[in-house]
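To keep things clear, I will list the structure first and then write my remarks on it.
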Amino acid sequence: MAYELNTNQVRRLIAEQFPEWANLSVKPVEFGGWDNKTFHLGDNMLVRLPSATGYADQVEKEHRWLPKLAPHLPLPIPTPLAMGKPAEGYPWHWSIYRWIDGETASFERIADLSQFARSLAEFLTALQKIDSKGGPVAGTHNFHRGGSLETYDVETRQAIATCGSKIDSKAATQIWETALASSWQSSRVWVHGDVAATNLLVSIGQLSAVIDFGCMGIGDPACDLVIAWTLFKDESREVFRQALSLDQATWERARGWALWKALITADKSKRVIEEVLAWTL
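In this note's numbering, the protein residues as written are 1158 to 1438.
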């Protein structure tokens, strides 16, 4: 169950642990995400607090690794400024970050979807090239993003069965089994873990920043390609694919990740499932 937080509680946490910022305004971010509760702190900072136990381990991971990744990336990523401790009835560590201007990505905010796809591919390529030695191997801390799809085999097959005639169950099963048939054979690379429109910022129509690295880790980059179906289409999807030097098996696993994600969401993400089933590699 998600932990409920209110503005007054966040103000008390700030006043107790970071009195130098106690006089700054605190107000909820309009769209603060699902895994964390997010609040503006003054004009240039944000407070980010895990909403449940499953996200708590991500705080210290981000504080350790984001400063190491940032110098090697072509776009801004979150900058940790301070780490808060459990207090005021709140049970986990939490973060203060520098605020990054921009709006979450959407079709109407993106000037050129193909150029956006190319910019994101360049970012992911740079991320994958960063030395991964000592990085956090995919596991429970990031919901196995970058790990093996076998983790979600039972869940996916059950979801396909539950959907019944709403989808082409035979085609979905074939896509899933093809995804399971291969694995990443190269050295582990850095993955963001949740490359979604809500974690991409746009400024003047261009990709301007990548945020929310709670699911980051090292492993198979296939999980970072799901956006090929959730945001891109037709030409932009092909641009994205061509700009990344990844083999067909990796894209087949990516299609498996996209299918799994679509199947487990509340509305079954019908459009995404149809895109996954229709795209022939």
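All residues carry an ideal CB built from backbone N, CA and C; glycine is no exception. All values reported here derive from a predicted model rather than from experimental measurement.
### Query
What do you get for I1324, buried or exposed, if any count of 16 or more other CB atoms within 10 angstroms of its CB means buried?
As a first step, residue 1324 is located in the sequence shown; it is residue number 167 there, counting from the start. Counting other Cβ atoms within 10 Å of its Cβ, I1324 reaches 16 or more and is therefore classed as buried.
### Query
What is the residue span of the beta strand (DSSP E) that Q1342 lies within?
If you number the sequence shown from 1, residue 1342 lands on position 185. Run containing Q1342: none; DSSP gives neither H nor E here.
### Query
Is A1338 near A1385, with beta carbons less than 9 Å apart?
Locating residue 1338 in the sequence shown gives position 181, where the first residue counts as 1. Locating residue 1385 in the sequence shown gives position 228, where the first residue counts as 1. No, Cβ-Cβ distance for A1338 and A1385 is not below 9 Å.
### Message
Using the three-state DSSP reduction, which class does L1162 fall into: helix, strand or coil?
### Response
On the sequence shown, position 5 is the one that residue 1162 refers to. When secondary structure is reduced to three states using DSSP, L1162 falls in the coil class, being assigned neither helix nor strand.
### Query
If you check the beta carbons only, do D1377 and W1341 fall under 9 Å apart?
Numbered from 1 along the sequence shown, position 220 holds the residue referred to as residue 1377. Numbered from 1 along the sequence shown, position 184 holds the residue referred to as residue 1341. Yes.
### Query
Roughly how many whole angstroms lie between the Cα atoms of Y1212 and N1165?
In the sequence shown, the residue the question calls residue 1212 occupies position 55. In the sequence shown, the residue the question calls residue 1165 occupies position 8. Each residue's alpha carbon lies about 22 Å from the other.
### Message
For the alpha helix (DSSP H) containing K1425, name the first residue and the last one.
### Response
Stepping through the sequence shown from its first residue, residue 1425 is reached at position 268. Unbroken run through K1425: none, as it is neither H nor E.
### Query
Under a Cβ-count criterion, where at least 16 other Cβ atoms within 10 Å of its own Cβ denotes burial, should H1349 be classed as buried or exposed?
Here residue 1349 refers to the residue found at position 192 when the sequence shown is read from its first residue. Its Cβ being crowded by 16 or more others within 10 Å, H1349 is buried.
#### Entry: 7 Å Cβ shell around K1418 - same chain, five flanking residues per side excluded
Against the sequence shown, residue 1418 aligns to sequence position 261. Within the same chain, K1418 has close Cβ partners V1383.
### Task
For Q1315, count neighbouring C-beta atoms within 10 Å of its own C-beta (all shown protein chains included) and say buried if the count is 16 or more, exposed if not.
The residue labelled residue 1315 in the question sits at position 158 within the sequence shown. Burial call: exposed.
### Query
Is it right to say D1369 is buried, meaning 16 or more other beta carbons lie within 10 angstroms of its own, or is it exposed?
Mapped onto the sequence shown, residue 1369 falls at position 212. Buried is the call here.
### Message
Rounded to whole angstroms, what is the Cα-Cα separation between M1158 and K1194?
### Response
Residue numbering aside, residue 1158 sits at position 1 when the sequence shown is read from its first letter. Residue numbering aside, residue 1194 sits at position 37 when the sequence shown is read from its first letter. Low confidence applies here, because M1158 scores a pLDDT of 49, under 50, leaving its location unreliable and the question unanswered by this model.
### Query
Looking at C-beta atoms only, is the number of pairs between the region 1267-1284 and the region 1394-1412 that lie closer than 8 Å three or more?
Touching, per the Cβ criterion.
#### Entry: Neighbourhood of F1280 by C-beta, 7 Å cutoff - its chain only, sequence neighbours within 5 removed
Counted from its first residue, the sequence shown places residue 1280 at position 123. Closer than 7 Å at Cβ, skipping near neighbours: L1230, P1231, L1232, V1367.
### Message
Checking 9 Å against the spacing of the C-beta atoms, do A1227 and L1364 come in under that value?
### Response
For the purposes of this step, residue 1227 is taken as residue 70 along the sequence shown, with counting starting at 1. For the purposes of this step, residue 1364 is taken as residue 207 along the sequence shown, with counting starting at 1. Contact: no.
### Query
How would you call N1201, buried or exposed, if buried means at least 16 neighbouring beta carbons within 10 angstroms?
Within the sequence shown, residue 1201 is the residue found at index 44, counting from 1. It counts as exposed.
### Task
Please determine if the region 1293-1301 and the region 1400-1412 are in contact, where contact requires at least 3 C-beta pairs separated by less than 8 Å.
no
### Buried/exposed call for A1318, threshold 16 Cβ in 10 Å
Here residue 1318 is taken as the residue at index 161 of the sequence shown, counted from 1. Label assigned to A1318: exposed.
### Query
How would you write the range of the alpha helix (DSSP H) that K1225 sits in, first residue to last?
Locating residue 1225 in the sequence shown gives position 68, counting from the first residue. Residue range 1215-1226 is occupied by the alpha helix (DSSP H) that includes K1225.
### Message
Starting from I1375, trace the beta strand (DSSP E) in both directions and tell me its first and last residue.
### Response
Along the sequence shown, one-based indexing puts residue 1375 at 218. In the DSSP annotation of this structure, the continuous segment of the beta strand (DSSP E) that includes I1375 starts and ends at 1374-1376.
### DSSP three-state assignment for W1333, whether helix, strand or coil
Position 176 of the sequence shown, counted from the first residue, corresponds to residue 1333. Correct three-state label for W1333: helix.
### Message
Is A1415 a contact residue of the ligand GDP, with contact defined as CB to any heavy atom under 8 Å?
### Response
The ligand GDP is absent from the structure shown, which contains no ligands of any kind.
### Message
Going by DSSP, what residue range makes up the beta strand (DSSP E) through F1196?
### Response
The sequence position of residue 1196 within the sequence shown is 39, counting from 1. 1193-1198 is the extent of the beta strand (DSSP E) around F1196.
### Straight-line Cα distance separating S1322 from W1222
Translated into the one-based positions of the sequence shown, residue 1222 becomes position 65. Translated into the one-based positions of the sequence shown, residue 1322 becomes position 165. For W1222 and S1322, the distance between alpha carbons rounds to 45 Å.
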